[in-house]
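Engineer:
2 protein chains.
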Amino acid sequence: MATVEELKLRVRELENELIKCKQRRSSEEQNQPRGRIERMSAEVVDSNPYSRLMALKRMGIVEDYEKIRSFTVAVVGVGGVGSVTAEMLTRCGIGKLLLFDYDKVELANMNRLFFQPHQAGLSKVEAAEHTLRNINPDVVFETHNYNITTMDNFTHFMERVSNGGLEEGKPVDLVLSCVDNFEARMAINTACNELGQIWMESGVSENAVSGHIQLIIPGETACFACAPPLVVAANIDEKTLKKDGVCAASLPTTMGVVAGILVQNVLKHLLGFGTVSFYLGYNAMLDFFPTMTMKANPQCDDKHCRRQQEEFKKKEAERPKQEVVQEEEEIVHEENEWGIELVSEVTEAELQAASGPKPDLPEGITVAYTIPEKDEGASSGQTVEETDQSLEELMAQMRKM
Amino acid sequence: MATVEELKLRVRELENELIKCKQRRSSEEQNQPRGRIERMSAEVVDSNPYSRLMALKRMGIVEDYEKIRSFTVAVVGVGGVGSVTAEMLTRCGIGKLLLFDYDKVELANMNRLFFQPHQAGLSKVEAAEHTLRNINPDVVFETHNYNITTMDNFTHFMERVSNGGLEEGKPVDLVLSCVDNFEARMAINTACNELGQIWMESGVSENAVSGHIQLIIPGETACFACAPPLVVAANIDEKTLKKDGVCAASLPTTMGVVAGILVQNVLKHLLGFGTVSFYLGYNAMLDFFPTMTMKANPQCDDKHCRRQQEEFKKKEAERPKQEVVQEEEEIVHEENEWGIELVSEVTEAELQAASGPKPDLPEGITVAYTIPEKDEGASSGQTVEETDQSLEELMAQMRKM
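Taken in sequence, the protein lines are chains A and B.
Under my numbering, the first sequence is numbered contiguously, ending at residue 405.
Under my numbering, the second sequence is numbered contiguously, ending at residue 405.
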């Protein structure tokens, strides 16, 4: 039988072990977030998470990097592209992020960046907010775990785009579409046309080897309803696909590149540097990156798009002549029914061949960038250079050959 | 004074508390990794982390995706590009990863993807291995926390490249250079020339708005010593920069895009699909992606490069004529001393202007893609199209204008 002395020793041992166990747990927890930072500083010390971003000023790239903190961006769809998009904006120190998604994290998502196996089962917005807040507690997060395409949620989504800015009541600065289905894209398009909200579209093809981003300025550039050929996975979304026992392919590479070029263009647009692309494609098979501009379609089905076009025309008419002329020239292209100008060194046939054979998918699915048959004959080879100097450049190149 | 009964009660209490504390810690830890998966399956269920990758087969993109598990890739430099590169390969289910870095995670790295604030102070390879193993326990990891440029470490590095394959004693399949300084690039170059090891170079400019990847096949394409104009941050690395109270700018976007195009080309090279780029640049200001090919320089300073060139010539001479002729044509370019062919729609002056003014940096630093002054006059505008059809295409474009 144990003596009092033995028991006292055992109590002391256990007390020490318990303290150690609690310390270990607490240090594991405390380890996580860094403290908040009141003002961005350019100081070059290891502990400053903003030094490499503020260096963009000294490098002459961005005039006022701190301005990033005044912007609010809404990211719709927190999947393979949206999650990386949100992480990049968080690490860049964006002011506020609104995240919309109704999906849960699954192990089947682990072939893309961002989510980790231990988050399986959590809602994507909840898991994303937790990770992002740890990465940068200076960002304000607002998450909505719902499907924006249902009636009530759509109304709420519109309200948040209009009022969810850093200062409540002010609109967000930009909406990013990172969704994987047609309905959600159309919902964002409808909302942004009605509100006159600038947004950017992104997409990745079902065969995982091409993607694109697109800037949509309501009334000025083609909206999602203006230019049907860019529809990705028309009418059938991931959920339907999975029911049929098939799924779209995806790669962390293609999705990382699309998120990268998307957020790069967001930074250029918000902070005013470089040239923002209206449309930038990525063909991974050929490392080919086509750019194009698309004018709004006067016959667009969306009445708010047509209204925005009228308002844009009025505004343009009031602007000094010189600017107007140049812009009009850039987007007019008579030989193409969608007003699409493709800057391309590769023929469409080559591009199509490079995307691989059309996969065996349920009816209604089309791979992004597969050009509808009726257009093929008419548009093949009708590509033109976009820049003003292209004629002189072509001449110079011709002379050398 | 405590009685035996009181002490016994206290021991039981403490034992229970300790069990609970240990359980809590263990469940927090257990939460993390998923179980190992013996064979990759294409089954479309939420719990299969490989379903979206195996779908590449059904889509007709990759013939044998499972083969990814047989490959070993060495990643040198686990910073802004290397960490994301390693994560993409891990999520793609690569067989084995060797990671080399001697740096520690700092809060100043948080403007790039991958590392998180709670990892500050850990070695980059240790922190990376922990995260990557949780993401995909099917990958074999080997990490080396050292600087490959010192004599002893360089010998060890060579040994691991030669013997660190999935089956010990076999060489790795590919070496990826994701380093930020000249010495480390030269060390990798020297090792790979000596071993005849295929590798890929990557880099991001100090102003954060351009980057590139390059495939180097010893003896066949230009090695890092063959073509000096591509030197990034010549002779001065991040550590030196920081001592002077300045640092290079960096962006998660540019680094994400560079990692994405790098790993995409790794997948194309290893799994045999699409076209692997010899050199692919990224100019973020213009969304311009130049490609080029560079032949090995017969006057290269590296004797092993010259030896590999001799061996390549011999092998080529033994190959059927038809193939040889085509390849030679592609890489010959007489008007350029480095044998560089630039596929470009943008003039070099435009490109240079778009990179922003030359930043105020210590002597010896040059921004990537700033063309050395002596070449400017000679090479400006001497860009040619790379594809065989370029003449016809240019003619066709000219006729339309």
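Virtual Cβ for every residue (Gly too), placed ideally from N, Cα, C.
When the cut-off is 8 Å and only beta carbons count, does asparagine 54 of chain B lie next to chain A?
Structural biologist: Sequence index remark: in the second sequence, residue 54 of chain B carries index 50 (1-based). One point to set straight first is that residue 54 of chain B is tyrosine, not asparagine, in the sequence displayed. It does: the Cβ of tyrosine 54 of chain B has a partner Cβ on chain A nearer than 8 Å.
Engineer: Which residue comes first and which comes last in the alpha helix (DSSP H) that contains phenylalanine 292 of chain B?
Structural biologist: Start at 1 with the first residue of the second sequence, and residue 292 of chain B comes out as number 288. Looking at the DSSP string, phenylalanine 292 of chain B is not in any alpha helix (DSSP H), and its letter there is neither H nor E.
Engineer: Using a Cβ-Cβ cut-off of 7 Å (strictly less than) and excluding sequence neighbours within five positions of valine 262 of chain A, which residues of its own chain qualify?
Structural biologist: What you label residue 262 of chain A is simply residue 258 of the first sequence in a count that begins at 1. Only Val85, Ser206, Val208, Gly215, Ile217, Tyr286 meet the Cβ criterion.
Engineer: Hey, is phenylalanine 293 of chain B's beta-carbon within less than 8 Å of any beta-carbon in chain A?
Structural biologist: Indexing the second sequence from 1 puts residue 293 of chain B at position 289. Yes, contact with chain A.
Engineer: Determine the extent of the beta strand (DSSP E) in which threonine 147 of chain A is found, giving its start and end residues.
Structural biologist: In the first sequence, counting from the first residue as 1, residue 147 of chain A sits at position 143. That run of the beta strand (DSSP E) goes 144-148.
Engineer: When you compare only the Cα positions, how much space is there between threonine 153 of chain A and lysine 174 of chain B?
Structural biologist: In the first sequence, residue 153 of chain A corresponds to position 149, counting from 1. In the second sequence, residue 174 of chain B corresponds to position 170, counting from 1. Cα-Cα distance, rounded: 54 Å.
Engineer: Report the neighbours of serine 51 of chain B on chain A: residues whose CB is nearer than 9 Å to its CB, in chain order.
Structural biologist: Sequence index remark: in the second sequence, residue 51 of chain B carries index 47 (1-based). Neighbours of serine 51 of chain B on chain A, chain order: Glu110, Leu111, Ala112, Ala124.
Engineer: Give the interface partners of valine 88 of chain A over in chain B, defined as CB-CB distance under 8 Å, in chain order.
Structural biologist: Taking the first sequence and counting its residues from 1, one reaches residue 88 of chain A at position 84. Residues of chain B passing the Cβ test: Leu117, Gly260.
Engineer: In the DSSP assignment, find the unbroken beta strand (DSSP E) run with glycine 215 of chain B in it and report its ends.
Structural biologist: Your numbering for residue 215 of chain B matches position 211 in the second sequence. That run of the beta strand (DSSP E) goes 214-220.
Engineer: Have a look at glutamate 133 of chain B and glycine 264 of chain A and give me their C-alpha separation to the nearest angstrom.
Structural biologist: Reading the second sequence from its first residue, position 129 is the one you call residue 133 of chain B. Reading the first sequence from its first residue, position 260 is the one you call residue 264 of chain A. Cα-Cα distance, rounded: 24 Å.
Engineer: So which residues of chain A does isoleucine 220 of chain B contact, with C-beta pairs closer than 8 Å?
Structural biologist: Taking the first residue of the second sequence as 1, we reach residue 220 of chain B at position 216. Simply none; closest approach about 17 Å.
Engineer: What separation, rounded to the nearest whole angstrom, lies between the Cα atoms of tyrosine 283 of chain B and methionine 296 of chain B?
Structural biologist: On the second sequence, residue 283 of chain B is found 279 positions in, with the first residue counted as 1. On the second sequence, residue 296 of chain B is found 292 positions in, with the first residue counted as 1. Cα to Cα, tyrosine 283 of chain B sits roughly 5 Å from methionine 296 of chain B.
Engineer: In the structure shown, what three-state DSSP assignment does glycine 343 of chain A receive?
Structural biologist: The residue you call residue 343 of chain A lines up with position 339 of the first sequence. Residue placement at glycine 343 of chain A is poorly supported in this model, since its pLDDT is 40, which falls under 50; the coordinates still yield a value, given next. Three-state result, glycine 343 of chain A: coil.
Engineer: Does isoleucine 202 of chain B get closer than 8 Å to chain A when you measure Cβ to Cβ?
Structural biologist: Your numbering for residue 202 of chain B matches position 198 in the second sequence. By this cut-off, isoleucine 202 of chain B is not an interface position.
Engineer: Spatial neighbours of tyrosine 150 of chain A within its chain, please: C-beta separation below 6 Å, excluding the five flanking residues on both sides.
Structural biologist: On the first sequence, position 146 is the one that residue 150 of chain A refers to. Cβ neighbours of tyrosine 150 of chain A beyond the five flanking positions: Tyr106, Asn157.
Engineer: Check the Cβ-Cβ distances between methionine 63 of chain A and every residue of chain B, and say whether any is below 8 Å.
Structural biologist: Within the first sequence, numbered from 1, the residue matching residue 63 of chain A stands at position 59. The beta carbon of methionine 63 of chain A sits closer than 8 Å to some beta carbon of chain B.
Engineer: According to DSSP, simplified to helix, strand and coil, what is methionine 44 of chain B?
Structural biologist: For this step, residue 44 of chain B is matched to residue 40 along the second sequence. Here methionine 44 of chain B sits in coil by DSSP.
Engineer: For alanine 318 of chain A, which residues of its own chain have a beta-carbon under 8 Å away from its beta-carbon, when the five flanking residues on both sides are left out?
Structural biologist: Taking the first sequence and counting its residues from 1, one reaches residue 318 of chain A at position 314. Checking the sequence, you will find lysine at residue 318 of chain A rather than alanine. Once the five neighbours on either side are set aside, lysine 318 of chain A has no close Cβ partner at all.
Engineer: Roughly how many angstroms lie between the CA atoms of leucine 178 of chain A and alanine 78 of chain A, to the nearest whole one?
Structural biologist: For the purposes of this step, residue 178 of chain A is taken as the residue at position 174 of the first sequence. For the purposes of this step, residue 78 of chain A is taken as the residue at position 74 of the first sequence. One C-alpha to the other measures close to 6 Å.
Engineer: So what's tyrosine 69 of chain B in DSSP terms, helix, strand or just coil?
Structural biologist: As a first step, residue 69 of chain B must be located in the second sequence, where it is residue number 65. If DSSP states are grouped into helix, strand and coil, tyrosine 69 of chain B belongs with the helices.
Engineer: Determine the burial state of asparagine 167 of chain A: buried for a count of at least 16 other Cβ atoms within 10 Å of its Cβ, exposed for fewer.
Structural biologist: Taking the first residue of the first sequence as 1, we reach residue 167 of chain A at position 163. Exposed, by the Cβ-count rule.
Engineer: Could you tell me whether the Cβ of threonine 370 of chain A comes closer than 8 Å to any Cβ of chain B?
Structural biologist: In the first sequence, residue 370 of chain A corresponds to position 366, counting from 1. Because threonine 370 of chain A carries a pLDDT of 36, less than 50, the predicted location of this residue cannot be relied on, and no value is offered for it.
Engineer: Taking all protein chains shown into account, decide if serine 51 of chain B is buried (16 or more other Cβ within 10 angstroms of its Cβ) or exposed.
Structural biologist: Working through the second sequence from its first residue, we reach residue 51 of chain B at position 47. Exposed is the call here.
Engineer: Classify glycine 4 of chain A as helix, strand or coil using the three-state DSSP reduction.
Structural biologist: Because chain A is modelled from 5 through 405, residue 4 of chain A falls outside the range shown and cannot be assessed.
Engineer: Based on Cα-Cα distance, which residue from A/Glu42, A/Ala229, A/His122 lies nearest to valine 143 of chain A?
Structural biologist: Residue 143 of chain A sits at position 139 when you count from the first residue of the first sequence. For the residues A/Glu42, A/Ala229, A/His122, the minimum Cα distance to valine 143 of chain A belongs to A/Glu42.
Engineer: Find out if the Cβ-Cβ distance for the pair proline 141 of chain A, leucine 111 of chain B is shorter than 8 Å.
Structural biologist: Your numbering for residue 141 of chain A matches position 137 in the first sequence. Your numbering for residue 111 of chain B matches position 107 in the second sequence. No, Cβ-Cβ distance for proline 141 of chain A and leucine 111 of chain B is not below 8 Å.
Engineer: Tell me which residue opens and which closes the beta strand (DSSP E) that serine 206 of chain B is part of.
Structural biologist: The residue labelled residue 206 of chain B in the question sits at position 202 within the second sequence. Looking at the DSSP string, the run of the beta strand (DSSP E) that includes serine 206 of chain B is 203-208.
Engineer: How about valine 129 of chain A: is its C-beta nearer than 8 Å to some C-beta of chain B?
Structural biologist: Along the first sequence, one-based indexing puts residue 129 of chain A at 125. It does not; no Cβ of chain B falls within 8 Å.
Engineer: Could you round the C-beta distance between serine 127 of chain B and lysine 100 of chain B to whole angstroms and report it? I think they count as a contact, below 8 Å.
Structural biologist: Counting from one through the second sequence, the residue named residue 127 of chain B turns up at place 123. Counting from one through the second sequence, the residue named residue 100 of chain B turns up at place 96. Between serine 127 of chain B and lysine 100 of chain B, the beta carbon gap of about 20 Å keeps them out of contact (Cβ cut-off 8 Å).
Engineer: What's the C-alpha gap between valine 82 of chain B and proline 121 of chain B?
Structural biologist: On the second sequence, position 78 is the one that residue 82 of chain B refers to. On the second sequence, position 117 is the one that residue 121 of chain B refers to. One C-alpha to the other measures close to 16 Å.
Engineer: Output yes or no for whether 8 Å exceeds the beta carbon distance between cysteine 227 of chain B and asparagine 185 of chain B.
Structural biologist: Along the second sequence, read from residue 1 onward, the residue named residue 227 of chain B stands at position 223. Along the second sequence, read from residue 1 onward, the residue named residue 185 of chain B stands at position 181. No, the pair does not count as a contact, with Cβ atoms beyond the cut-off.
Engineer: Just to confirm, are valine 270 of chain B and leucine 170 of chain B a CB contact at a threshold of 8 Å?
Structural biologist: For this step, residue 270 of chain B is matched to residue 266 along the second sequence. For this step, residue 170 of chain B is matched to residue 166 along the second sequence. Not in contact: valine 270 of chain B and leucine 170 of chain B (Cβ atoms no closer than 8 Å).
Engineer: Please identify the residue among B/Ser87, B/Gln27, B/Cys96 whose C-alpha is closest to the C-alpha of threonine 135 of chain B.
Structural biologist: In the second sequence, residue 135 of chain B corresponds to position 131, counting from 1. That would be B/Ser87, whose Cα lies nearest to the Cα of threonine 135 of chain B.
Engineer: Using a Cβ cut-off of 9 Å, pull out every chain B residue sitting near alanine 78 of chain A, in sequence order please.
Structural biologist: Here the question's residue 78 of chain A lines up with position 74 in the first sequence. Neighbours of alanine 78 of chain A on chain B: none; closest Cβ ~18 Å, over 9 Å.
Engineer: Kindly give me the distance between the Cβ atoms of serine 281 of chain A and arginine 116 of chain A, rounded to whole angstroms, as I take these residues to be in contact under 8 Å.
Structural biologist: Locating residue 281 of chain A in the first sequence gives position 277, where the first residue counts as 1. Locating residue 116 of chain A in the first sequence gives position 112, where the first residue counts as 1. About 23 Å separates the Cβ atoms of serine 281 of chain A and arginine 116 of chain A, ruling out a contact at the 8 Å cut-off.
Engineer: Who are the neighbours of cysteine 25 of chain B on chain A, taking C-beta pairs under 8 Å?
Structural biologist: Counted from its first residue, the second sequence places residue 25 of chain B at position 21. Under the 8 Å cutoff, chain A gives Leu22, Cys25, Lys26, Arg29.
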